[in-house]
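So the mapping is simple: my numbering equals the position in the sequence shown, first residue as 1, plus 83. By construction, the Cβ of each residue, glycine as well, lies at the ideal position given by its N, Cα and C atoms. Worksheet: the structure to be examined is printed underneath.
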Amino acid sequence: MRVSKVGPEYNSFKMWGSFGVVCLIFATSANAANVLETMEAKSVEQFIQQITNTPTATQFIQNEITVFAPSNDAMNKFDGPKDENFVRNHMVNIAVRIGGNGEPSRITQVPSMLPGSPPLYVTKDGGNFYVNGAELIMRNLKAKSDTTDKVQYLHIIDRVLEPLTPQDGDSQTLVGLTAGKLLRESDKFRIGESTIAEFTSQVRSKNKLDLFEAPGQHTFFVPVDSAFQNLSKELVDENVIRGHVVPNTLLFTRPILKSEAKTATYTEGSSIKVTASIQNTPSGPQVKSNTVQGNRHHTREHVLANVVRANIPVSNGIVHLIDKPLVIIANPLSEYLALEEQQGGRLSRFARYVRKFAPDLQTLIESTKTGTVFAPTDDAFGSMTEAEMEEILQDPEEAQKILGMHFVDQRIASDDIRITQPQNDEGMFGVNVPFPETSKDKVWFYYDPDSHSLMVDAVGVSAKVTEADVGASNGVIHVINRVFGLPSQSVFDKLATDPMLSSSFSLGNQDHFNDRLSNPEESFTFFVPTNKAWELIQKQSASTHKILFMGAFSYQSQSLLERHFKIGEALSVEEMVERTEDNGEGVEMLRGTSPLSVGMDTDEDGEYAYVEWENIRAKIIRPNLKCSNGYVHILDRVLMKPRDVVLSGAPDPYQSTSLWPITALTSVLSWSVSRALL
């Protein structure tokens, strides 16, 4: 940190930081307005009024000073007291220039003029600067004192810097204010309507106050007393307390530190490992604890807590008051959703729809011993208004089907081995949807290799899990970015993104077959073989598989796909079964003279749908994947015979009985390859 002159003002306090974020300037400046005049026409008139109405503040601005002036908009949003302490908390008694020469650091600390000199933490994030979570929207407006010619600086911020002030006005209470002192003497401070006695009591009983007294720059999360109305404070053990302290790292609500920070559980003696991070949501900032390594008392899940009061500066870091303890899995699934609705959280629309339109599902979630909820965010509903969504859900059958797809009656965490290492033929883990009882739907899980994200799919809607493993006492919640039952992908998009269908999509790229699949004006029905189905073809005849996928004989590939493809109608399995029963033949496809018969059968796993062509039966393992322009039905076999693959230029295999055998084609290909290598 560069200091051009060291005087008694500088020696009266300690400062931490490094070059580049804050420079302290004590030089004089000529021909400049004072800091109050510099504020004019800067949309900070309300703060100007506060200064002029505060006698001590008008004296301060006659000397060297830095002012962080909240905008009028910021002042309008703040409903707390705007008294002398409020004004002084926005002032520093030296000239502080934000951003200078040298190597930049992330955080620098300067003292405010509030009694006790609580710190103002100046944070750099890329090209943006913040002070205690308020962004500097204008900075380094240089001024000078009228009387002393001392340098002054004005910075305009988009939020107020709310001071922590004593209840009785005794400024000595602010001296030596650590997080530990705030816990011990919380009744002496104005911390709003909340109290923190219950958490403090547990910290005392476990002899962990030293964690909150340690010097340095730490982050402390403190649950308010209302968090323990329906939760025993005895659940707050030593490991939980450690999980509320992030050593040597300051986590502000702005800017957000993108990585998860290790809590004090990573110190010796803790049997669990917990990280913490802050995230902003439409309803306000939240803290997320992630139990990376658990024990029999604390499972490996996430806990989300709302920040009640943020960015309280203390001499050894920053304190956030939160509405429930971290680490502890306290609420059941139903209560978590109820709180989301009550508090207008990011899952409030989904929670309200379940309560209002699917009471039987609500009862099932309340009574389940273990379950998983796939909860779409409010943003997941996209442009669909609440009125439009409620019109759809007015139909009880539709409401049960759509909302029921978002719950399964078993706990499935993101690291479930059935997801990470699927052992079934499909290569994806799927679980039956239990509601309504007549449901034949499944939810499928897989990892997207490109984004390294957990994906879940139900009846064709693939959703990204944006927040995995949110813990509940009787299950887990996965927050998703789409709503099951509301198709948003075209048939093209479905094939392009579903990992079970990558081979069929690759085959369709030949000769631009796939291009038509994104047409919103058309309606399609597509029976799509899985990757495993194509692997079966490869095992039966490697040469046939090679001919299809090498791209040189795209006519063969396209003809084969067209047997599985219908244009002009979007047909569900149920509709095709009914049509097959009615006409006794089946469903005509784009290519071929023999329709496809669709029916129902049973095996050891229960009832299933199938499609049959020329004595080849394929099981429909994922039926009715509804897309914006049609249906996709996924097959475990390819509907083909050896005669389907012939040399390019041979007669149409569907019109002629004089066909080239595969063995002859293999010989020709082998001869060609040999010639090429000579």
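Candidates the options, of which the one nearest residue i by Cα
i    : options                : result
N666 : V681, P706, P298, N602 : V681
I500 : H489, Y529, E474       : Y529
Y436 : A413, E474, M683, S450 : E474
E671 : F282, W696, T358       : W696
V456 : P517, S200, A470       : P517
N155 : E128, R646, H561       : E128
V170 : L244, V179, S342       : L244
V390 : S372, L444, G669, E384 : S372
T580 : V715, G513, V660       : V715
K439 : A482, E449, Y419       : A482
I240 : T685, S228, E218, P246 : E218
L409 : S431, S640, T382       : T382
Q362 : D320, T350, E343       : E343
L600 : E668, C710, I148, L318 : C710
E449 : N394, D492, Q426       : D492
I339 : I411, L314, Q369       : Q369
S228 : F648, G591, P479, N146 : N146
G487 : A463, A441, S589       : A441
Buried/exposed call for residue i, threshold 16 Cβ in 10 Å
i    : result
T346 : buried
N378 : exposed
D253 : exposed
D270 : exposed
T776 : This structure cannot settle anything about residue 776, because the visible part of the chain is limited to 84 through 761.
S731 : Note that S731 has pLDDT 49, beneath the 50 cutoff, so the model's placement of it is unreliable and no number is given.
A653 : buried
D251 : exposed
E471 : exposed
D684 : exposed
K622 : exposed
I148 : buried
G634 : exposed
Other residues of its chain near residue i: CB distance less than 7 Å, five sequence neighbours each side excluded
i    : result
L237 : V118, T121, M122, V150, A152, L224, A226
A616 : L718, D719, R720, V721
K407 : P306, A310, A388, A413
S677 : W696, E697
N557 : P415, L416, T451, K452, T453, G454
A551 : S497, L537, H561
DSSP bridge partner residues for residue i (one or two, in chain order)
i    : result
K345 : T358
G454 : G558
W527 : G513, D540
K227 : V234
H403 : F304
T374 : V357
H385 : N373, V553
N211 : D208
S545 : D540
G367 : T364
R700 : E695
E218 : Y213
G259 : The partner list for G259 (beta bridge, DSSP) is empty, contrary to what the question assumes.
R705 : I717
Residue span of the beta strand (DSSP E) that contains residue i, given as start and end
i    : result
F169 : Looking at the DSSP string, F169 is not in any beta strand (DSSP E); the run it does join, the alpha helix (DSSP H), is 167-171.
F648 : 648-650
M158 : No beta strand (DSSP E) contains M158, which is instead part of the alpha helix (DSSP H) from 155-160.
T685 : 680-686
G713 : 713-718
Chain-order list of residues whose beta-carbon lies under 6 Å from that of residue i (same chain, five-residue window excluded)
i    : result
K291 : I324
Q445 : V437, R438
Y93  : Low local confidence applies: a pLDDT of 33 at Y93 is under 50, so the model's placement there is unreliable, with the coordinate-based value given in what follows. Here the set comprises nothing.
M221 : I239
W99  : For W99, the predicted model reports a pLDDT of 39, less than 50, meaning its position is unreliable; a value from the coordinates is still stated below. The answer, listed in chain order, is Q192.
S642 : R674
Limits of the unbroken alpha helix (DSSP H) element including residue i
i    : result
I475 : 469-476
I502 : 500-503
T627 : 625-633
E123 : Unbroken run through E123: none, as it is neither H nor E.
P138 : 138-143
G479 : Note that residue 479 corresponds to Pro in the displayed sequence, not to Gly. That run of the alpha helix (DSSP H) goes 479-487.
K577 : 574-580
T283 : 280-288
V729 : It is not in any alpha helix (DSSP H) - V729 carries neither H nor E in the DSSP assignment.
Close Cβ partners of residue i (< 8 Å) along its chain, the five nearest in sequence each way excluded
i    : result
V328 : L294, F295, H301, T302, F303, F304, T346, A347
K547 : D531, S534, S536, L537, M538, I563, N564, R565
N159 : Q129
H628 : W617, I620, Q621
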